[in-house]
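Visitor:
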Amino acid sequence: MLEERFEFKTLPESEIEKLKELGRLCRGDIIKMTTVAKSGHPGGSMSSIDIYLTVLSYASVNPKDPFNPSRDRIIVSHGHTSPALYSALGRLGFLNLEDVITGFRYANSPYEGHVTRGIPGVEWSTGNLGQGLSAACGMALASRITDLNYHVFALMSDAEHAKGQVAEARRFAKKYGLSNITVIVDYNDAQISGHMRNVMPVNIKGEYEAAGWRTLEVDGHDYAQLYNAIKYSIDNSNIPTAILARTIMGKGVSFMEDDVSYHGKALSVEMCDRALKELGVNNDVEKYIKKRKTFEKPHFTITPYPIKVETGEPRIYEKEQNVANRDAFGRALADMAYTNSKSKRNTPIAVLDCDLKPSTKTNTFERVSPNLFYQVGVQEHNAATIAGALSSQGVITFFSDFGVFGIDETYNQQRLNDINKTNLKLVVTHVGTDVGEDGKTHHCVDYVGALRNLYHFKIIVPQDANQTDRAVRYIAKVYGNYTIAVGRSKIPVITKTSGEVFFDQNYEFVYGECDLFREGNDITVFTYGQTSHIAVKSADELAKEGINVTVIGVPCPFDLPDWIGEYISSKHVITLEDHNIHTGLGTILSEFILEKKSYPKSFTKIGLTDYTKSGTAKSLYAIEGLDGESLKKKIREILSK
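The sequence shown begins at 107 in the working numbering and counts up one residue at a time.
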């Protein structure tokens, strides 16, 4: 059973006294855990603690039911103040306080240096400053889409407001009327390099108001003022509200106050004793130092939500058609929007766009489901974080963008989505040099290599419209972060040797499987995406010369099946890809060869060795040796040796 949200009209004196006592004890906890760990951020934690206690005490959250779907969401953007959050959660019954103080920043402990999702009371792993408000926007959207009507509190530092993503998030919240967000800024005017006003001055109040937000200013150490301002923001929630809470770095310990050196420096055992005496808190640090040696680490997990989605009947593109994979994506997405919307019991599907809907083809979804289509504008960093957070809260979320923006530009945001184990469906178009005339700034030639750095993202590089259709419907049904990467150009539907459609009505997409397009004894070509049809056509033409080529499509390059080894061992092998030759399929297959000991007779990688220039996709393929004539020439050369 959840508590009513900020139920007191004004905060009773008894509650104020209780909070004051908790604040004193929590400041002691902060000092202890950072001293025991010999690292951490005590200064900002001590300026934030009164904010944490006020929000956690009166928001609609319950320590006995911390993952209730209707709970309020509390996002801590300045994740380095984890000592304050963990202490407050411990004192309020969400966590075992002894474990928190003992295990803070300890190897393999869940109580990391920055807040970590999965711990009761922690909604989002943060630490990369400036992303918390975007995450709050995603969760505020989810509240509306799922009709759970919870409130979202975004607790932030002042210094991170110098980041552009915060401004992006403010604009988005105002555009979509996310009045169920309350921002509370720990305004201590202190950061690593000194006072914020000197490091990089920011007119925080003015910028929020310019974006159309309501602003309130309070003493961040006055519980009554904090409570009244937060309650006002909730009761008068016609627009989003930012509360600027003026605080003091190191509040509560005289020698720490307003000393920026304590931003990221733990106290020594001797200074810890002095600080605890000033706070009137018992010094039992030695107990925790000893206990740390035998600490039994608790384990918390992120539980995926169940997915119920109707993806509709797949489309079949005929053999005479040339179809862009991005078009197939857009149609499949629209089909799912229509089919899935027939039942309110289905998991909702939402789409985020960054002013590219005619190119990424998400406009097809918008026509069918305009209420679940969100136009973020040219704000890719914000969109990526919103999409990830939204996807974590019971909404299947598609974020579509050009590859160079959706992966390269937003790499850090996607990394944080990966850490948070979200359910994002990232569909990037115009990958490789297939964007052609736009030139090297827009050629996303590293999408496989970039995403391979993220441990939990999976990538699918479909090879024609039929496989794209099935892959899009597949990723909607399974939990996890999936990327589908497609090009811009229209390409042929791949056929069997008989001339019939390869991915026909009997085809079912299976993640991690490869496609045996052609089978021959002379040489094996591995490929994916926009170059697969080139390899297939080249194999058919070489067959007329008596050269028999195996062509294997690899739509899931991160997970290769064992059976492909028989087409590698003692064979001439080529990889063909419109991608950086050093980080794509060729490199992945090289590792497979070594791990499986499936050694080829020869191994040749065909791909991009440098950025290329403007030109049609066809001309660039010829220049870079990715076209059919170049591939056939290379095969002949290899076999003639």
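Quick reminder that beta carbons are idealized off the backbone N, C-alpha and C, glycines included.
Does the region 542-552 touch the region 497-515, meaning 3 or more C-beta pairs lie closer than 8 Å?
Guide: Touching, yes.
Visitor: Give a single yes or no on whether ILE298 has its beta carbon closer than 8 Å to a heavy atom of the ligand FAD.
Guide: Looking at this structure, you won't find the ligand FAD or any other ligand, since it has none at all.
Visitor: How about GLN485 and PHE278: do their beta carbons lie closer than 9 Å?
Guide: Their beta carbons are under 9 Å apart, which means GLN485 touches PHE278 by this criterion.
Visitor: Exposed or buried, what is SER154 when buried is set at 16 or more other beta-carbons lying within 10 Å of its beta-carbon?
Guide: Buried, by the Cβ-count rule.
Visitor: What's the gap between the Cα of THR232 and the Cα of LEU560?
Guide: Going by the C-alpha atoms only, they are around 16 Å apart.
Visitor: Ignoring anything shorter than 4 residues or poking outside the region 648-713, list the alpha helix (DSSP H) runs there in chain order.
Guide: Counting only runs of 4 or more, we get 691-702.
Visitor: Quick check on the burial criterion: 16 or more other C-beta atoms within 10 angstroms. Buried or exposed for THR717?
Guide: According to the sequence shown, residue 717 is Tyr rather than Thr. TYR717 comes out exposed.
Visitor: May I ask you to report which of helix, strand or coil DSSP gives SER447?
Guide: It is coil, neither helix nor strand.
Visitor: Indicate the three-state DSSP secondary structure (helix, strand or coil) for ALA335 in the structure shown.
Guide: Looking at ALA335 - three-state DSSP - the assignment turns out to be helix.
Visitor: According to DSSP, is LEU385 helix, strand or coil?
Guide: If DSSP states are grouped into helix, strand and coil, LEU385 belongs with the helices.
Visitor: Among GLY224, PHE471, CYS378, GLY318, which one has its Cα closest to the Cα of PRO410?
Guide: For the residues GLY224, PHE471, CYS378, GLY318, the minimum Cα distance to PRO410 belongs to GLY224.
Visitor: Quick test of your reading: ILE422 and ILE502, contact by CB under 8 Å. State the CB separation rounded to the nearest angstrom.
Guide: At roughly 24 Å, the Cβ-Cβ gap does not stay under 8 Å, so ILE422 and ILE502 are not in contact.
Visitor: I need the straight-line Cα distance from PHE200 to TYR553, nearest angstrom please.
Guide: Their Cα atoms are separated by approximately 41 Å.
Visitor: Per DSSP, GLN481 is paired with what?
Guide: In DSSP, GLN481 forms a bridge with ASP459.
Visitor: Measure the CB-CB distance between THR288 and SER339 and report whether it falls below 9 Å.
Guide: Cβ atoms of THR288 and SER339: closer than 9 Å.
Visitor: Using the DSSP secondary-structure output, state which residues sit across from ILE629 in a beta bridge.
Guide: Partner(s): VAL655, HIS678.
Visitor: With distances taken from CA atoms, which of CYS243, THR630, ILE590, THR574 is nearest ILE653?
Guide: Of the candidates CYS243, THR630, ILE590, THR574, the one whose C-alpha sits nearest the C-alpha of ILE653 is THR630.
Visitor: Look at the alpha carbon of SER696 and the alpha carbon of TYR617, and state the distance between them as a whole number of angstroms.
Guide: Roughly 21 Å between the two C-alpha positions.
Visitor: Drop a sphere of 10 angstroms on the beta-carbon of SER183, count the other beta-carbons inside from all chains shown, and report buried for 16 or more, exposed for fewer.
Guide: Buried: at least 16 other Cβ atoms inside 10 Å.
Visitor: Exposed or buried, what is THR116 when buried is set at 16 or more other beta-carbons lying within 10 Å of its beta-carbon?
Guide: Looking at its Cβ environment, which holds fewer than 16 other Cβ atoms inside 10 Å, THR116 is exposed.
Visitor: Any idea what DSSP makes of GLN611, helix, strand or coil?
Guide: Coil at GLN611, not helix or strand.
Visitor: Helix, strand or coil, according to DSSP, for ILE413 in the structure here?
Guide: If DSSP states are grouped into helix, strand and coil, ILE413 belongs with coil.
Visitor: Inspect the beta-carbon positions of LYS596 and ASN428 and report whether they are closer than 9 Å.
Guide: Cβ atoms of LYS596 and ASN428: closer than 9 Å.
Visitor: Return the CA-CA distance between PRO706 and LEU496, expressed in angstroms with no decimal places.
Guide: One C-alpha to the other measures close to 46 Å.
Visitor: Look at the alpha carbon of LYS383 and the alpha carbon of TYR212, and state the distance between them as a whole number of angstroms.
Guide: Approximately 26 Å, taken between the alpha carbons.
Visitor: Roughly how many angstroms separate the alpha carbons of ALA641 and THR574, rounded to a whole number?
Guide: For ALA641 and THR574, the distance between alpha carbons rounds to 18 Å.
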